[in-house]
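For the protein sequence lines, the chains are A and B, in the order given.
With the first sequence counted from 1, adding 684 to any position gets you our numbering.
With the second sequence counted from 1, adding 18 to any position gets you our numbering.
Quick reminder that beta carbons are idealized off the backbone N, C-alpha and C, glycines included.
Bear in mind that the values here come from a model prediction, so they are computed numbers and not experimental data.
A quick write-up on the structure given underneath.
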Amino acid sequence: MSGKITVLLLDDEAIVGRRLKPALEKIGCTVEVFEDPRRALARLAEQTFHIVVTDIRMDDIDGLQVLEQVKKTSPATRVIMITGYAMMALAREAMELGAFDFIAKPFTPDDLRAVVARAAESLGLAVTSSTSE
Amino acid sequence: MAIIIIAADRYQPAFEIARQTAERLNYQCFGRDLLNAAEARYKLKADQLLQAFHDYSMLGLSRRQRTRYLAYVQEQTLSALPEDRAVCCGLGAHLYVRGVSHVVKIRLVSDVKLQVEELAKEVGATPARAQKLLVRSAKRRRRLAIDQLHLDEDDPSTFDMVLNLDQIEPAEALNAICETASYRKFQPMTYSLQCLRDLVLSARVRALLIEQYPEVRVRSEHGTVVVEIAALKREKQKKAEAVKQALAGHPGINYVEVHVIRDIFRQAVESFR
Numbered sequence: 685m686s687g688k689i690t691v692l693l694l695d696d697e698a699i700v701g702r703r704l705k706p707a708l709e710k711i712g713c714t715v716e717v718f719e720d721p722r723r724a725l726a727r728l729a730e731q732t733f734h735i736v737v738t739d740i741r742m743d744d745i746d747g748l749q750v751l752e753q754v755k756k757t758s759p760a761t762r763v764i765m766i767t768g769y770a771m772m773a774l775a776r777e778a779m780e781l782g783a784f785d786f787i788a789k790p791f792t793p794d795d796l797r798a799v800v801a802r803a804a805e806s807l808g809l810a811v812t813s814s815t816s817e
Numbered sequence: 019m020a021i022i023i024i025a026a027d028r029y030q031p032a033f034e035i036a037r038q039t040a041e042r043l044n045y046q047c048f049g050r051d052l053l054n055a056a057e058a059r060y061k062l063k064a065d066q067l068l069q070a071f072h073d074y075s076m077l078g079l080s081r082r083q084r085t086r087y088l089a090y091v092q093e094q095t096l097s098a099l100p101e102d103r104a105v106c107c108g109l110g111a112h113l114y115v116r117g118v119s120h121v122v123k124i125r126l127v128s129d130v131k132l133q134v135e136e137l138a139k140e141v142g143a144t145p146a147r148a149q150k151l152l153v154r155s156a157k158r159r160r161r162l163a164i165d166q167l168h169l170d171e172d173d174p175s176t177f178d179m180v181l182n183l184d185q186i187e188p189a190e191a192l193n194a195i196c197e198t199a200s201y202r203k204f205q206p207m208t209y210s211l212q213c214l215r216d217l218v219l220s221a222r223v224r225a226l227l228i229e230q231y232p233e234v235r236v237r238s239e240h241g242t243v244v245v246e247i248a249a250l251k252r253e254k255q256k257k258a259e260a261v262k263q264a265l266a267g268h269p270g271i272n273y274v275e276v277h278v279i280r281d282i283f284r285q286a287v288e289s290f291r
């Protein structure tokens with residue numbers, strides 16, 4: 685994994701992807717957005733991403749299952765969990781399963797950019813600077 | 019890295035374990051000493067503040083005093099703690115960090131006989147009398163934690179780990195604590211750090227208002243502070259404004275919302291006049 689930072693963004697609410705994709709592109713990430721976890725997992729089986737940003741509560745497959753799958757196939761991928769139902773037990777479980785970070789909604793694009801920048805840095809990559817919104 | 023909070027029946031042996039844990043992990047260590055800084059601020063000595071937890075006097079503190087002292091200890095403790103890499107012993111700290119996933123809460127249990135002996139020496143009482151004082155103080159403390167913080171200290175699930183120092187040597191306890199704190203689930207994350215910041219801000223605001231509004235409840239989220247106070251209907255507007263005024267310019271606060279609930283006790287008193 686090298687070059688431009690690749691991000692897979694998974695959230696079953698379309699607005700989240702619409703809002704966050706340009707925010708991450710501003711710092712030089714190449715972002716693919718998915719609303720359906722099955723399609724996201726299929727894409728993850730085809731390609732390795734530097735960073736996966738996933739919602740936790742989704743129908744059929746939840747974010748923790750996505751996290752487990754990503755860690756199985758690509759342990760170096762940094763997985764950032766986002767949720768509107770944050771609780772201590774869930775946060776601990778996500779960290780135990782190998783999440784890089786856990787963010788509670790609502791958050792600002794700047795908050796996510798900061799976490800993505802840290803995740804990229806931990807992989808030896810650097811994001812490009814951007815002006816905050 | 020995590021924050022480790024140690025609650026114990028006997029402070030000194032627990033503090034020694036806390037100190038050694040901090041030394042081994044290269045963390046900062048905090049104990050009752052941090053209350054010394056509260057003296058100038060709240061005009062109360064550390065010993066007086068600690069009475070909120072360990073009150074062996076005959077009548078004890080009033081409910082209002084106990085609540086206020088607890089709010090001050092809570093504020094002092096949360097304000098002093100760094101966001102990670104710290105060990106804190108005593109001060110009821112385990113009660114203030116509810117929901118913060120990177121805090122490891124440890125309870126060290128020890129023989130009641132030893133506690134009774136220590137207290138008998140401290141207050142110059144017979145062992146039988148010391149035992150009674152100990153039980154009464156524990157009851158008061160438990161009630162306070164349930165009333166004010168909705169946490170039952172006697173419930174082991176309040177803690178991440180309970181160690182019995184009668185059965186486990188301090189060195190083994192030290193190893194167990196250090197190993198547990200290294201678990202990935204106790205590592206800080208954006209969410210848990212924000213939870214801690216919210217709790218610190220709530221504690222600061224509550225400590226600021228509690229003398230004037232003894233029943234005040236405070237909740238914070240990302241700099242938005244929700245304050246709940248009790249007042250008579252006719253005072254509602256005035257008191258809400260006074261709270262907003264008191265918090266104006268306070269660091270970390272972006273917005274204040276004041277909920278005024280009806281003070282039924284004062285209302286009842288006034289209706290009998």
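Interface flag, residue i vs chain A, CB-CB below 8 Å
i: B/S119; result: yes
i: B/Y90; result: no
i: B/T208; result: yes
i: B/R103; result: no
i: B/K203; result: yes
i: B/Q133; result: no
i: B/Q263; result: no
i: B/Q38; result: no
Neighbour flag for residue i against chain B, beta carbons, 8 Å
i: A/I711; result: no
i: A/F718; result: no
i: A/M772; result: yes
i: A/R776; result: yes
i: A/V811; result: no
i: A/S786; result: According to the sequence provided, residue 786 of chain A is Phe. The question's Ser does not apply to it. Answer yes: the Cβ-Cβ gap between A/F786 and chain B drops below 8 Å somewhere.
i: A/E780; result: yes
i: A/D691; result: Inspection of the sequence shows that residue 691 of chain A is occupied by Val rather than by Asp. No, no contact with chain B.
i: A/V750; result: no
i: A/V799; result: yes
Proximity to residue i [Cα-Cα], best of the options
i: B/A208; options: A/A770, A/R723, A/Q753, A/R727; result: Checking the sequence, you will find Thr at residue 208 of chain B rather than Ala. When each option's Cα is compared against that of B/T208, the closest is A/A770.
i: B/A56; options: B/A98, B/R28, B/Q30; result: B/A98
i: B/L214; options: B/L181, B/G142, B/H120; result: B/H120
i: B/S80; options: B/M19, B/I247, B/L151, B/R159; result: B/R159
i: A/E709; options: A/G782, A/L692, A/Q749, A/R727; result: A/L692
i: B/L192; options: B/R237, B/R59, B/I124; result: B/I124
i: A/L694; options: A/I735, A/E730, A/V811; result: A/I735
i: B/Q83; options: B/V274, B/L181, B/Q230, B/I21; result: B/Q230
i: B/G78; options: B/T39, B/L151, B/Q212; result: B/L151
i: A/I766; options: A/P706, A/R723, A/D746; result: A/D746
i: B/S175; options: B/G117, B/K254, B/R59, B/I247; result: B/G117
i: B/C294; options: B/I35, B/N54, B/L88; result: Any property of residue 294 of chain B remains undetermined from this structure, which presents chain B solely from 19 to 291.
Beta-ladder partner(s) of residue i, from DSSP
i: B/S298; result: It is not possible to answer for residue 298 of chain B, since the shown part of chain B is limited to 19 through 291.
i: A/E716; result: A/L692
i: B/H277; result: B/E246
i: B/L181; result: B/L126
i: B/S238; result: B/V243
i: A/I787; result: A/I766
i: B/T198; result: Note: B/T198 sits in no beta bridge, so no partner.
i: B/A258; result: According to DSSP, B/A258 bridges with nothing at all.
CB-CB length for residue i against residue j, believed under 8 Å
i: A/I711; j: A/V800; result: 7 Å
i: B/L219; j: B/G267; result: The pair is not a contact, with the Cβ atoms about 14 Å apart (cut-off 8 Å).
i: B/V115; j: B/L217; result: 7 Å
i: B/I195; j: B/T39; result: 5 Å
i: A/A707; j: A/P793; result: 3 Å
i: A/K756; j: A/L781; result: Wrong, their Cβ atoms sit about 10 Å apart, outside the cutoff.
Contact between the segment 191-207 of chain B and the segment 41-49 of chain B: three or more CB pairs below 8 Å? yes
Contact the segment 759-776 of chain A vs the segment 707-719 of chain A: 3+ CB pairs below 8 Å: no
Count Cβ pairs between the segment 161-175 of chain B and the segment 105-118 of chain B that sit closer than 8 Å; are there 3 or more? yes
Give a yes or no on contact between the segment 794-813 of chain A and the segment 23-40 of chain B, applying the rule of three or more CB pairs nearer than 8 Å. no
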